[in-house]
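Visitor: Position one of the sequence shown corresponds to residue 17 (the numbering used here), numbered consecutively onward. Glycine residues also receive a C-beta, built at the ideal position from the N, C-alpha and C atoms. As the structure is a computational prediction, the values presented were derived from the model and not from experiment.
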Amino acid sequence: MSEKINVLYNRKPCYDILFTGSFDELWTELAALGCGDRRLCVVTDSRVDQLYGAEVLNILDGKCRKAVKYVFPEGEAGKNLDTVKEIYRFLIEEGFERRDMLLALGGGVVGDITGYAAATYLRGIDFVQIPSTLLAQADSSIGGKTGVDFDGYKNMVGAFKMPRLVYMNLALLQTLEERQYFSGFAEVMKHGLIRDAAFYEWLIENMYEICERDLQVLQEMLIRSCTVKKLVVEKDPEEQGDRALLNLGHTIGHAIEKAKNFTLYHGECVALGIVAAAYISWKRELLSMEEYYEVRDMFVPFYLPISIDDIDPQEILRLTKSDKKMEAGKIKFVLLKKIGKAVIDHSVTDEEILAAVNEIYFSEEDAHA
Ligand code: GLY
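This is the structure:
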């Protein structure tokens, strides 16, 4: 059942994304990258390590020059330069050289940190993504964005560094904790909304199977979702233009994520951000009212929030300005021109953002009305 798609970089074949249902093909894929005589370091977090660390290390053991594992505590709190420094130290102690390789086994945080360590250690060594969450499989493992948070600013320090391979074991999604799974679905929905209306319709039609995590349906969903991302990043790998379309829902989403001190999952905040962006799109008469409500309500069967309490809309507005999606002091906001077509807009006003945040804000007064 395995399938592969290749992602181009500067118009040349760069790395494969392998969609499969186990780790059975991992060594064959790594061997094809010349790993037999390289040192390999699996970088993972404490949660993923307990689940799959030993299994992946066993696959490598005895087949390559050296196989080691570096584990750091799970959570966004560890996504910083201190963790990167610890990885450098470990690699130096283990004698890692230029042609050795890192394997990022985990969710978005693991992939981003490991990718950044790979981009900078000895001015750059190879790395492979083995994403374990839906968020990482659908979004963060593809396209070469790596980095860490800095002084409370999300992903403020980083580099573009393409992986050598993205190995997606879709079976890992079947045991993912429910909230984590559905959080990742927000990024899948985003891909349909920004560029592929037929895929968006397919998601609605296959709602039941997606919720049930049917392996065949997961594979089709991820191939279609990753194909959207592939086409966007191939055209604009370093976000000079259209790659920013992938930030639909992220301006307000990141602000909520920060205001809530990362107690909500990234995808949950993205869902709220997409509802807010769709609301502005409706008010600008890009989307019809029916389309706005359809986009909003589409999150509900996937257990994603469409409203939020206990926020200060003014604070959310203020936080949108500290997001890095700014250009010449203006927010690069992503709106929906229609379902399946997003546009970048520099003219969204504070009033529009506030109105959109108020739309998703479920206040105490609403509760008593
Ligand atoms: N997650 C958005 C991007 O890769 O550009």
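Taking Cys57 as part of the beta strand (DSSP E), name the residues at either end of that continuous run.
Guide: Element bounds for Cys57: 55 to 61.
Visitor: Tell me, please, which residues DSSP counts as bridged to Met172.
Guide: Paired residue(s): none; Met172 is not in a bridge.
Visitor: Under the rule that 16 or more other beta-carbon atoms within 10 Å means buried, what is Ile108, buried or exposed?
Guide: With fewer than 16 Cβ atoms within 10 Å of its Cβ, Ile108 is classed as exposed.
Visitor: Mind checking whether Ile272 and Leu262 have CB atoms under 8 angstroms apart?
Guide: Contact: no.
Visitor: By DSSP, does Asn26 sit in helix, in strand, or in coil?
Guide: Coil, per DSSP.
Visitor: For a test of the three-state rule: what should DSSP assign to Asp142, helix, strand or coil?
Guide: Asp142: strand per DSSP, three-state reduction.
Visitor: Could you tell me the boundaries of the beta strand (DSSP E) in which Ala152 lies?
Guide: Taken as a continuous stretch (DSSP letters only), Ala152 belongs to no beta strand (DSSP E), as it is neither H nor E.
Visitor: I want to know whether the stretch 253 to 268 touches the stretch 301 to 319 - three or more CB-CB distances under 8 angstroms.
Guide: Cβ pair count under 8 angstroms is below three, so no.
Visitor: Where does Asp328 land, buried or exposed, given buried means 16+ other C-beta within 10 angstroms?
Guide: So Asp328 counts as exposed.
Visitor: Measuring alpha carbon to alpha carbon, tell me which of Ala260, Ile239, Gln145, Tyr86 ends up nearest Val248.
Guide: It is Ala260.
Visitor: Counting along the chain, where does the beta strand (DSSP E) carrying Phe166 start and finish?
Guide: Start and end: 161 to 166.
Visitor: So, helix, strand or coil for Tyr377, using DSSP?
Guide: Reduced to three states, the DSSP call for Tyr377 is strand.
Visitor: Thinking just about the alpha-carbon of each residue, which of Leu234, Ser241, Ser38 is nearest to the one in Asp212?
Guide: With distances taken between Cα atoms, Asp212 lies closest to Ser241.
Visitor: Mind checking whether the beta-carbon of Gly163 lies closer than 7 angstroms to any heavy atom of the ligand PLP?
Guide: No copy of the ligand PLP appears in this structure; the ligands present are the ligand GLY.
Visitor: Please name the residue, chosen from Val350, Asn374, Glu375, that lies closest to Ser363 on a Cα-to-Cα basis.
Guide: The candidate whose alpha carbon is nearest that of Ser363 is Val350.
Visitor: For the stretch 310 to 380, list the alpha helix (DSSP H) runs that are entirely contained and at least 4 residues long, ordered along the chain.
Guide: Taking only runs of at least 4 residues, the alpha helix (DSSP H) segments lying wholly in the stretch 310 to 380 are 329 to 337, 366 to 376.
Visitor: Is Leu262 near the ligand GLY, judged by its Cβ being under 7 angstroms from some heavy atom?
Guide: Flag set: Cβ of Leu262 near the ligand GLY.
Visitor: Any contact between the stretch 59 to 69 and the stretch 278 to 295? By contact I mean 3 or more CB pairs, one from each, below 8 angstroms.
Guide: At 8 angstroms Cβ cutoff, the stretches do not touch.
Visitor: Could you tell me if the beta carbon of Glu255 falls within a distance shorter than 7 angstroms of some heavy atom in the ligand GLY?
Guide: Correct: Glu255 has its Cβ closer than 7 angstroms to the ligand GLY.
Visitor: Mapping the DSSP letters down to three states, classify Gly122 as helix, strand or coil.
Guide: The answer is strand: DSSP assigns Gly122 an E or B state.
Visitor: Can you tell me whether DSSP reads Met178 as helix, strand or coil?
Guide: In this structure, Met178 counts as coil in the three-state DSSP scheme.
Visitor: Three Cβ pairs or more, each shorter than 8 angstroms: is that satisfied between the stretch 79 to 96 and the stretch 42 to 56?
Guide: Verdict: yes, contact present.
Visitor: Under 7 angstroms: does the beta carbon of Gly159 sit that close to some heavy atom of the ligand GLY?
Guide: Yes - the ligand GLY has a heavy atom lying nearer than 7 angstroms to the Cβ of Gly159.
Visitor: Can you determine whether any heavy atom of the ligand GLY sits closer than 7 angstroms to the C-beta of Ser199, and answer yes or no?
Guide: No, the ligand GLY has no heavy atom inside 7 angstroms of this Cβ.
Visitor: On the three-pair Cβ rule with 8 angstroms, is the stretch 154 to 162 touching the stretch 222 to 233?
Guide: The answer is no - the stretch 222 to 233 does not touch the stretch 154 to 162, with fewer than three Cβ pairs under 8 angstroms.
Visitor: Just to check my reading of the structure: Ile103 and Ala133 have Cβ atoms closer than 8 angstroms, yes? What is that Cβ distance to the nearest angstrom?
Guide: With 8 angstroms as the limit, Ile103 and Ala133 qualify as a contact, their Cβ atoms being about 4 angstroms apart.
Visitor: Please find out if some non-hydrogen atom of the ligand GLY comes closer than 7 angstroms to the beta-carbon of Arg259.
Guide: Yes, the ligand GLY has a heavy atom inside 7 angstroms of this Cβ.
Visitor: My assumption, with CB atoms under 8 angstroms, is that Ile322 sits in contact with Thr336. Please give the rounded CB distance.
Guide: About 19 angstroms separates the two Cβ atoms, so there is no contact after all.
Visitor: Assess contact between the stretch 309 to 325 and the stretch 159 to 178, defined as three or more Cβ pairs (one per stretch) separated by less than 8 angstroms. Is contact present?
Guide: The answer is no - the stretch 159 to 178 does not touch the stretch 309 to 325, with fewer than three Cβ pairs under 8 angstroms.
Visitor: By how many angstroms is the C-alpha of Pro147 removed from the C-alpha of Ala120?
Guide: So the alpha carbons of these two residues sit roughly 7 angstroms apart.
Visitor: When you compare only the Cα positions, how much space is there between Gly127 and Val316?
Guide: Rounded to the nearest angstrom, the two C-alpha atoms are 28 angstroms apart.
Visitor: Kindly identify the DSSP beta-bridge partner or partners of Phe35.
Guide: According to DSSP, Phe35 bridges with Glu19, Met184.
Visitor: Would a C-beta distance cut-off of 8 angstroms place Leu73 and Val164 closer than the cut-off?
Guide: No, the pair does not count as a contact, with Cβ atoms beyond the cut-off.
Visitor: Is any heavy atom of the ligand GLY found at a distance shorter than 7 angstroms from the C-beta of Asp128?
Guide: Checking every heavy atom of the ligand GLY against the Cβ of Asp128, none is found closer than 7 angstroms.
Visitor: Would Met17 pass as a contact of Gln190 if the rule is Cβ separation under 8 angstroms?
Guide: Going by C-beta atoms, Met17 is not nearer than 8 angstroms to Gln190.
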